[in-house]
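Enquirer: My numbering puts the first residue of the sequence shown at 16, with every later residue one more than the last.
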Amino acid sequence: MVSRSIEPGSTRTKSKTRSLPRSRKNGLRAIRTGAVPAVTLIPGDGVGPEVISAAVEVIKAAGVKIDWDRQAGGAAALKRFGNPVPDELLESLRRTGVALKGPLETRVGVGYRSINVFLRKTFDLYANLRPTHSFKGVHTPFRNVDLIVVRENTEDLYSGIEHEVAPGVVESIKVITARASKRIARFAFEYARQNRRRSVTAIHKANIMKLSDGLFLKCARAIAKGYPEIRYQEQIVDAACMRLVTDPSSFDILLLENLYGDIVSDLCAGLVGGLGLVPGANYGDKGAIFEAVHGTAPDIAGKDLANPIAAILSGAMMLDYLGRGAAAARIRAATGAVLRSGRVLTRDLGGKAGTREMTDAVIRAMHRQRG
Ligand code: ATP
16 MVSRSIEPGS TRTKSKTRSL PRSRKNGLRA IRTGAVPAVT LIPGDGVGPE VISAAVEVIK
76 AAGVKIDWDR QAGGAAALKR FGNPVPDELL ESLRRTGVAL KGPLETRVGV GYRSINVFLR
136 KTFDLYANLR PTHSFKGVHT PFRNVDLIVV RENTEDLYSG IEHEVAPGVV ESIKVITARA
196 SKRIARFAFE YARQNRRRSV TAIHKANIMK LSDGLFLKCA RAIAKGYPEI RYQEQIVDAA
256 CMRLVTDPSS FDILLLENLY GDIVSDLCAG LVGGLGLVPG ANYGDKGAIF EAVHGTAPDI
316 AGKDLANPIA AILSGAMMLD YLGRGAAAAR IRAATGAVLR SGRVLTRDLG GKAGTREMTD
376 AVIRAMHRQR G
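1) Using the beta-carbon count (16 or more within 10 Å), is Asp171 buried or exposed?
2) Is any non-hydrogen atom of the ligand ATP found closer than 6 Å to the C-beta of Gly310, if you look at the structure I gave you?
3) Per DSSP, Leu108 forms a beta bridge with which residues?
4) Is any heavy atom in the ligand ATP found nearer than 6 Å to the beta carbon of Pro118?
5) Determine the closest residue to Gly117 out of Asp300, Pro294 and Gly340, with distance taken between C-alpha atoms.
6) Which of the three DSSP states, helix, strand or coil, is assigned to Glu249?
7) Assign Met381 to buried or exposed, taking buried as 16 or more other Cβ atoms, counted over all protein chains shown, within 10 Å of its Cβ.
8) If you draw a straight line from the C-alpha of Arg345 to the C-alpha of Val377, how long is it?
9) Which whole-angstrom value is the C-beta distance of Glu167 and Asn273, which I expect to be below 8 Å?
10) Rounding to the nearest angstrom, what Cα-Cα distance links Ile81 and Ala284 in this structure?
11) Could you please give the first and the last residue of the uninterrupted beta strand (DSSP E) stretch that includes Phe202?
12) Rounded to whole angstroms, what's the CA-CA distance from Pro182 to Asp363? Just pull it up for me.
13) Round the Cβ separation of Phe202 and Ile245 to the nearest angstrom and send it over; I've been treating them as touching at under 8 Å.
14) Assuming Gly299 and Tyr141 make a contact with CB atoms under 8 Å, what is their CB distance in whole Å?
15) Give a single yes or no on whether Ile315 has its beta carbon closer than 6 Å to a heavy atom of the ligand ATP.
16) Which partner residues of Tyr298 appear in the DSSP bridge assignment?
17) Run the proximity test for Asp5: is its beta-carbon closer than 6 Å to any non-hydrogen atom belonging to the ligand ATP?
18) Assign Phe184 to one of two classes, buried (16 or more other C-beta atoms within 10 Å of its C-beta) or exposed (fewer than that).
19) Quick check on this structure: which residue in Arg145, Ala326 and Ala114 has the alpha carbon closest to the alpha carbon of Leu270?
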């Protein structure tokens, strides 16, 4: 079973321990503890190799043995094998059921479809969980941001159904189903119940998309009835964005369709200090892929500039999933200590440190805790 743990970036006490939804209904699989777990490692593109290697080092320093199966994907695989999703990668994922993944490049407007979307759909990783918390030592307009983004991962405008109706006229189809809407709402409410969260807010634009977003809301309302102890609210997406940047404390868990979830995740990351800090996980019935919210960040790739914290904390979420909650907590405490001290910070946080230096600082902080 999935262990209970503190969430990434949390500076709160153990009395507020949290866990992932784990009922059969929401489909997170039972975890084998004890044996050395096999995990697919996808370094990815852009800053991916740098931040994923940081996460691997930190996991090792936390004392967890992993049987990593390193696989290429995205632009790196296209270059090497002529295929952005090699069969070996898919076979590895089928075998391990768990991956730690760097971002994969998706060209804007041209080329192959997003491999990230392809993997989430192929393995039906329907729930994207992005815990977004303030860190002491990272100066932002709000101090105590504590938001959980729950994003539906398999449909909406990401269904990839686009066509040209006539020259100069194209259509993109937004697909919303009751099945997917109910299961993501159930995931959000189960998470809320198990982690003693206070509310779930469904974010929508049902005033305009009456059928699609209307169905999403109808499903969320139906699921909410089964969780009377958790406050259920609804907010139109534009108003929600305004409220998030003026009063983030009025939200707790955000329940969103795929596209709104993507956009609002970055907004929430901005509230706590940027994309370099926010981890993420994609859960399905048969496995999970852990990856930071950020993309390939080509502007800083290969320059030892990327902040590795988001990838490191994604690794901690993976350790929770693998039943290694104590090691995950050590990693969170160490990253929290490094950020709090403010001595070693990457440039996105106003410092001068590189990826390597920040990684070493986290490892040193972990050794200090143990020693
Ligand atoms: P993609 O197309 O893969 O999404 P992108 O550059 O459009 O790439 P992100 O990779 O999410 O989108 O990055 C957006 C901005 O945030 C970039 O300017 C990048 O430098 C910054 N950024 C993203 N990740 C990090 C990180 N780990 N550390 C520091 N800055 C980051």
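Glycine included, each C-beta is placed from N, C-alpha and C at the ideal position.
Expert: In short, the structure shows the following:
1) Position 156 of the sequence shown, counting from 1, holds the residue named residue 171. Flag for Asp171 reads buried.
2) Stepping through the sequence shown from its first residue, residue 310 is reached at position 295. At least one heavy atom of the ligand ATP is nearer than 6 Å to the Cβ of Gly310, so yes.
3) As a first step, residue 108 must be located in the sequence shown, where it is residue number 93. Per DSSP, none; premise fails for Leu108.
4) Against the sequence shown, residue 118 aligns to sequence position 103. Pro118 Cβ: within cutoff of the ligand ATP.
5) For the purposes of this step, residue 117 is identified with residue 102 of the sequence shown, where counting begins at 1. Ranking Asp300, Pro294 and Gly340 by Cα distance to Gly117 puts Pro294 first.
6) Numbered from its first residue, the sequence shown carries residue 249 at position 234. Here Glu249 sits in strand by DSSP.
7) As a position in the sequence shown, residue 381 is number 366, starting the count at 1. With 16 or more other Cβ atoms within 10 Å, it is buried.
8) For the purposes of this step, residue 345 is identified with residue 330 of the sequence shown, where counting begins at 1. For the purposes of this step, residue 377 is identified with residue 362 of the sequence shown, where counting begins at 1. Their Cα atoms are separated by approximately 10 Å.
9) Along the sequence shown, read from residue 1 onward, the residue named residue 167 stands at position 152. Along the sequence shown, read from residue 1 onward, the residue named residue 273 stands at position 258. Right, the Cβ-Cβ distance comes to about 5 Å (below 8 Å), so this counts as a contact.
10) In the sequence shown, counting from the first residue as 1, residue 81 sits at position 66. In the sequence shown, counting from the first residue as 1, residue 284 sits at position 269. Here the C-alpha atom of Ile81 lies approximately 29 Å from the C-alpha atom of Ala284.
11) Indexing the sequence shown from 1 puts residue 202 at position 187. Phe202 -> not in any beta strand (DSSP E); alpha helix (DSSP H) instead, spanning Ala193 to Gln209.
12) Your numbering for residue 182 matches position 167 in the sequence shown. Your numbering for residue 363 matches position 348 in the sequence shown. Near 43 Å, if we compare the C-alpha coordinates of Asp363 and Pro182.
13) Translated into positions along the sequence shown, residue 202 becomes position 187. Translated into positions along the sequence shown, residue 245 becomes position 230. Actually they are not in contact, since the Cβ atoms of Phe202 and Ile245 sit about 13 Å apart, beyond 8 Å.
14) Position 284 of the sequence shown, counted from the first residue, corresponds to residue 299. Position 126 of the sequence shown, counted from the first residue, corresponds to residue 141. With a Cβ gap of about 6 Å, Gly299 and Tyr141 count as contacting.
15) Taking the first residue of the sequence shown as 1, we reach residue 315 at position 300. Because some heavy atom of the ligand ATP lies under 6 Å away, the Cβ of Ile315 counts as near it: yes.
16) Your numbering for residue 298 matches position 283 in the sequence shown. Bridge partners of Tyr298: Ala142 and Ala303.
17) Past the edges of the chain, shown from 16 to 386, lies residue 5, and the structure says nothing about it.
18) For the purposes of this step, residue 184 is identified with residue 169 of the sequence shown, where counting begins at 1. This sequence places Val at residue 184; Phe is not what is there. Exposed is the call here.
19) Translated into positions along the sequence shown, residue 270 becomes position 255. Comparing Cα-Cα distances from Leu270 to each of Arg145, Ala326 and Ala114, the minimum goes to Arg145.
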